[in-house]
Amino acid sequence: MSTLPKYPKIRCSRCGDCCMVPVVPVTHKDVARLIKHTGLPASALVRFCPSSEMAYDDDSGLWIKFKSIRRAMVLRKRRDGRCIFQTPEKACSAYEARPQTCRTFPYNVDFDGKKITEITLNEVMKCNAVKCSKGSIDIDAVIANVKKEYREDNSYHKSVKQWNSSNGRGTVKDFLKFIGL
Ligand code: SF4
Ligand code: SF4
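Per my numbering, the very first residue in the sequence shown carries number 121; after that it's consecutive.
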C-alpha cells in the first residue's frame, strides 16, 4: 500500500456511544448480510426515518420517496436509543455482519482517484477515543472497508434513484422487495 497521509492515531475507549447516539444508515448489502447472520427479516432490522432525525443532504442518495414523504433506511434502535445489536456490555451482537459504516467509524477517508488524500476523525458525533502514539485501530482494514462502503453505497444510491424516478409510489414492503430484500 502507498504511503498514507498523517492521520489521528487513537485507542477506542469502548464507551459504546457510537452504537447509541447516531442514526445508522444502511444499504441493501448491509441488510442482506444482517438477514443472513441473524435469520431475521429486513422489517425487523431496519426502519425508515424522516429528515428531522438525520441531517443528510438532499443529494446524499439516501432519501427514498414514499408518496408525499421521504425517508432513509436505517438500523432499528431500542426504546432507549441503543442499536438493536448493542449488548448490555456495549459489544455488538452482530459484529461479523455489522454494517460497513460501523466498520469504518470513527474515521473518514478521502480519495483523489485511487490516492488517499486525507484521513480524519468523523464529526457526526463526538467519539471518546483516546489519542495515543501507536493507535489500536487497524487503519488498513478501515481503508479496505471504506472502499467497499463506497462501492456498495454507489450501487444502493443508484437503486434509490431508480425507485424515486419510476417507482416512488410504493410502500416500504415494495421498496424492500425492489432492492432485493
Ligand atoms: S450494528 Fe453493531 S457496531 Fe453497528 S451500531 Fe449496532 S451495535 Fe454498533
Ligand atoms: S469508537 Fe469512539 S464512540 Fe465508539 S466506542 Fe470507541 S471511543 Fe466510543
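A virtual CB, placed ideally from N, CA and C, is assigned to each residue, including glycine.
None of these values were measured; they are calculated from a predicted model.
Residues of its chain near residue i, where Cβ-Cβ distance is below 7 Å and the 5 sequence neighbours each way are ignored
| i | result |
| --- | --- |
| His-148 | Tyr-276, Ser-279, Ile-299, Gly-300, Leu-301 |
| Arg-134 | Lys-210 |
| Gln-220 | Asp-150, Asn-265, Lys-268, Glu-269, Glu-272 |
| Arg-223 | Asn-265 |
| Arg-201 | In the sequence as displayed, the identity of residue 201 is Gly instead of Arg. Answer for Gly-201: Met-140, listed in chain order. |
Near ligand 1: residue i beta-carbon under 7 Å from a heavy atom
| i | result |
| --- | --- |
| Val-144 | yes |
| Leu-182 | no |
| Arg-191 | no |
| Leu-160 | no |
| Leu-165 | no |
| Cys-247 | no |
| Ala-261 | no |
| Ala-214 | yes |
| Cys-169 | no |
| Cys-222 | yes |
Contact check, residue i vs residue j, beta carbons under 8 Å
| i | j | result |
| --- | --- | --- |
| Pro-145 | Met-245 | no |
| Pro-170 | Arg-198 | no |
| Lys-129 | Ser-253 | yes |
| Ala-249 | Cys-132 | yes |
| Gly-288 | Phe-168 | no |
| Tyr-127 | Ile-259 | yes |
| Pro-125 | Glu-238 | yes |
| Val-166 | Arg-196 | yes |
| Ile-184 | Asn-284 | yes |
| Ala-214 | Thr-123 | no |
Close Cβ partners of residue i (< 6 Å) along its chain, the five nearest in sequence each way excluded
| i | result |
| --- | --- |
| Cys-139 | Cys-203, Gln-206 |
| Gly-136 | Lys-210 |
| Tyr-176 | Leu-182 |
Cβ-heavy atom distance, residue i to ligand 2, below 7 Å
| i | result |
| --- | --- |
| Asn-284 | no |
| Ala-133 | This sequence places Ser at residue 133; Ala is not what is there. Flag set: Cβ of Ser-133 near ligand 2. |
| Phe-205 | no |
| Cys-125 | Inspection of the sequence shows that residue 125 is occupied by Pro rather than by Cys. For ligand 2, not one heavy atom lies less than 7 Å from the Cβ of Pro-125. |
| Asp-178 | no |
| Pro-128 | no |
| Pro-219 | no |
| Pro-226 | yes |
| Asp-258 | no |
With 16 other Cβ atoms within 10 Å as the buried cut-off, status of residue i
| i | result |
| --- | --- |
| Tyr-227 | buried |
| Ile-236 | buried |
| Ile-189 | exposed |
| Phe-295 | buried |
Residues near residue i in its chain [Cβ-Cβ closer than 8 Å; skip 5 each side]
| i | result |
| --- | --- |
| Asp-178 | none |
| Thr-291 | Phe-186 |
Checklist entry - Could you give the uninterrupted runs of the beta strand (DSSP E) lying entirely in the segment 177-218, keeping only those of 3 residues or more? => result Here the runs fully enclosed are 184-186, 189-195.
Next on the checklist: Threshold first: 4 residues or longer. Then list the alpha helix (DSSP H) segments lying entirely within the segment 217-254, N to C.
Outcome noted: The alpha helix (DSSP H) runs of length 4 or more contained entirely in the segment 217-254 are, from start to end of the chain, 220-224.
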